[in-house]
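Trainee:
Residue numbers (the numbering used here): 18 to 199.
Here it is in structure tokens:
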């Protein structure tokens, strides 16, 4: 059996990785809502804090800060994540979508319209996370029943109890999608 010797690694990528692991601010580029931003952040800054504090995108809400409520839900490469539970430096090169990025020009996303139509919010604090999560759920794999919608949306809490209207809004969008493909 041969012994393997470990040669020292001196690549630039390792130097960059070690710098990112330090406490000094690093320059990074994030693609948010189809706009590229260059930011200087400490490596420990969450994606939620970068969106709100550095980019001024206040639609993504900061609530529990522990990944339990879903108010901070965003899409990263069309997958739902809790932005309070991930670091901004982990998403260089990713496509990030917040509630501000759903509308196209002056036209609301169909899910936004459905939430308004069905009055699927009361205080509104969880609404952006609910809408983004619903859009992400459909992009990941459209649910086939009300029970499946409830299960897939279970990570997004609403203190006001607007769940029946949220479900109705999502069902409306799913029905529109089904009718559009026929």
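Cβ atoms here follow ideal geometry from the backbone N, Cα and C, with glycine treated the same way. These numbers come from a predicted model, not from an experiment.
So, helix, strand or coil for residue 190, using DSSP?
Mentor: On the chain shown, position 173 is the one that residue 190 refers to. Looking at residue 190 - three-state DSSP - the assignment turns out to be helix.
Trainee: Using the Cα positions of residue 24 and residue 147, report the straight-line distance between them to the nearest angstrom.
Mentor: Counting from one through the chain shown, the residue named residue 24 turns up at place 7. Counting from one through the chain shown, the residue named residue 147 turns up at place 130. At residue 24, the pLDDT of 44 sits below 50, so the modelled position is not reliable; the number obtained from the coordinates is stated separately. Answer to the nearest angstrom: the Cα atoms are 50 Å apart.
Trainee: Go through its chain and collect everything with a Cβ distance to residue 203's Cβ below 6 Å, but skip five positions before and after it.
Mentor: Past the edges of the chain, shown from 18 to 199, lies residue 203, and the structure says nothing about it.
Trainee: According to the Cβ coordinates, are residue 170 and residue 152 closer than 8 Å?
Mentor: Locating residue 170 in the chain shown gives position 153, counting from the first residue. Locating residue 152 in the chain shown gives position 135, counting from the first residue. No, they are not a contact pair.
Trainee: Identify every run of the beta strand (DSSP E) within the region 34-115, keeping only runs that are complete inside it and at least 3 residues long; order them along the chain.
Mentor: 43-49, 52-58, 90-93, 96-99 and 112-114
Trainee: If you run the structure through DSSP and keep just helix, strand and coil, what is residue 121?
Mentor: Indexing the chain shown from 1 puts residue 121 at position 104. Strand, per DSSP.
Trainee: Give the list of continuous alpha helix (DSSP H) stretches no shorter than 4 residues that lie fully inside the region 153-179.
Mentor: 163-169
Trainee: Mind reading off the beta-carbon distance from residue 109 to residue 91? Whole number of angstroms is fine, and I expect it under 8 Å.
Mentor: Your numbering for residue 109 matches position 92 in the chain shown. Your numbering for residue 91 matches position 74 in the chain shown. Residue 109 to residue 91, Cβ: 15 Å. No contact.
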